[in-house]
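> Mind having a look at this structure? Questions to follow.
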Amino acid sequence: MIKAVFFDFDGTILSHSTMSVPHSAKKALRSLQKQGILVIVATGRHITEIEEFDFCHEFTFDAYITLNGQYCFNQNETIYSNPVPKEDVLAILDHIQEDPYPCVFVEKDRQYMNFYTDWVRLEYQKLGTSLPALEDIQRAACHDIYQLSPYLNHQQEQVLFARTKNIKIDRWTDYVIDVLPKIGGKDTGIQKTLDYYGLKKEETMAFGDAFNDIPMFKETGISVAMGNAKPEVKQIADHVTDDIDQDGLYQALRHFQLIK
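Note that the working numbering has the sequence shown beginning at 120, numbered continuously upward.
Spelled out as structure tokens, the structure:
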């Protein structure tokens with residue numbers, strides 16, 4: 120019996136063609152909750168970005184796995200917290216000082232960066248959310264940082280990686296990467312969330328479309344790839360549904376008889 124369903128946000132709940140949540144997806148998520156099934160978002164986004172979309176003012180998820188699993192919480196408390204090691208944050212600050220490039224620093228309740236470029240503006244336009252505030256990034260030296268997003272090329276990435284010890288890097292475009300703790304990811308966030316709610320793997324399902332959803336699929340009982348998912352994601356999924364803009368989320372939940 121499925122007791123919790125984990126959903127990626129971009130390309131799974133949120134359509135990038137309309138920058139909105141399809142009506143069928145809204146109906147499906149509400150139907151799950153009415154039946155007592157936990158509806159949990161698992162995303163690389165910060166909570167402030169999620170809250171910019173109207174749907175998130177109409178609907179409250181039962182739990183939030185944000186920043187690719189580094190900060191997990193519900194309406195009552197923090198479930199799991201895994202900041203980037205401080206020595207690695209300091210190493211990145213030093214690297215930026217020597218070879219300046221834009222970088223987003225993400226704390227629990229805020230995100231900020233040092234300067235904008237055309238590439239930064241373009242990426243945030245694609246995301247459909249506001250640019251982070253411009254602040255003195257040296258505040259990162261004395262605050263917990265859960266994720267960094269440097270805008271740098273592959274050569275700069277190699278230098279950054281060589282200077283750090285306990286991070287991993289996910290490149291999501293030619294211009295920007297995500298920097299996370301070496302031990303962490305959506306899979307870790309899901310493990311901690313399952314422990315918190317006392318759930319077993321076989322009582323869960325996950326929906327996704329991107330490479331960072333693959334670890335999530337491995338930690339849940341049933342995995343569903345959206346029709347707009349990457350081929351590698353579809354290959355390992357238990358089920359492939361339609362595109363997000365073709366009611367894929369709703370159709371898959373009906374296929375597994377979780378909703379009518």
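Even for Gly, the Cβ is constructed at its ideal location relative to N, Cα and C.
Would you kindly check if the distance between the Cβ of residue 353 and the Cβ of residue 306 is under 8 Å?
As a first step, residue 306 is located in the sequence shown; it is residue number 187 there, counting from the start. As a first step, residue 353 is located in the sequence shown; it is residue number 234 there, counting from the start. Result no, Cβ atoms of residue 306 and residue 353 do not sit closer than 8 Å.
> Please classify residue 168 as buried or exposed, where buried requires at least 16 other C-beta atoms within 10 Å of its C-beta.
Stepping through the sequence shown from its first residue, residue 168 is reached at position 49. Residue 168 comes out buried.
> Whose CA, out of 189, 181, 341, 214, lies closest to the CA of residue 152?
As a first step, residue 152 is located in the sequence shown; it is residue number 33 there, counting from the start. Selected option, being the one with the closest Cα: 181.
> Are residue 264 and residue 343 touching if we call contact CB-CB under 8 Å?
Numbered from its first residue, the sequence shown carries residue 264 at position 145. Numbered from its first residue, the sequence shown carries residue 343 at position 224. Not closer than 8 Å, so no.
> Whole-angstrom Cβ separation of residue 131 and residue 375, contact assumed at under 8 Å?
One-based indexing of the sequence shown puts residue 131 at position 12. One-based indexing of the sequence shown puts residue 375 at position 256. Not quite, the Cβ-Cβ distance comes to about 15 Å (not below 8 Å), so this is no contact.
> Just to confirm, are residue 162 and residue 185 a CB contact at a threshold of 8 Å?
Locating residue 162 in the sequence shown gives position 43, counting from the first residue. Locating residue 185 in the sequence shown gives position 66, counting from the first residue. Yes. Within cutoff.
> Whole angstroms is fine: what's the gap from residue 239's alpha carbon to residue 379's?
By 1-based counting over the sequence shown, the position of residue 239 is 120. By 1-based counting over the sequence shown, the position of residue 379 is 260. Approximately 42 Å, taken between the alpha carbons.
> Counting Cβ pairs closer than 8 Å, one from the stretch 267-275 and one from the stretch 205-224, do we hit at least three?
In short, these stretches touch, since the Cβ pair count reaches three.
> Among 332, 359, 348, 373, which residue has its Cα nearest to the Cα of residue 135?
Stepping through the sequence shown from its first residue, residue 135 is reached at position 16. It is 348.
> Is the number of C-beta pairs between the stretch 312-326 and the stretch 122-129 that are closer than 8 Å three or more?
The stretch 312-326, when compared against the stretch 122-129, does touch it at the 8 Å Cβ threshold.
> Taking 8 Å as the cut-off, decide whether the C-beta atoms of residue 363 and residue 345 are in contact.
Looking up residue 363 in the sequence shown gives position 244. Looking up residue 345 in the sequence shown gives position 226. Contact flag set, yes.
> Please classify residue 230: does DSSP put it in a helix, a strand, or coil?
The residue labelled residue 230 in the question sits at position 111 within the sequence shown. Correct three-state label for residue 230: strand.
> Can you look up residue 335 in the DSSP assignment and give me helix, strand or coil?
One-based indexing of the sequence shown puts residue 335 at position 216. In the structure shown, residue 335 sits in a helix (DSSP, three-state: H, G or I).
> Does the distance from the C-beta atom of residue 143 to that of residue 377 stay below 8 Å?
Here residue 143 is taken as the residue at index 24 of the sequence shown, counted from 1. Here residue 377 is taken as the residue at index 258 of the sequence shown, counted from 1. The answer is no: Cβ separation not under 8 Å.
> Three or more C-beta pairs under 8 Å: does that hold for the stretch 250-261 against the stretch 304-321?
No: the two stretches stay apart, fewer than three of their Cβ pairs being nearer than 8 Å.
> Tell me which residues share the same chain as residue 290 and place their Cβ nearer than 6 Å to its Cβ, disregarding the 5 neighbours each side in the sequence.
Locating residue 290 in the sequence shown gives position 171, counting from the first residue. Cβ neighbours of residue 290 beyond the five flanking positions: 296.
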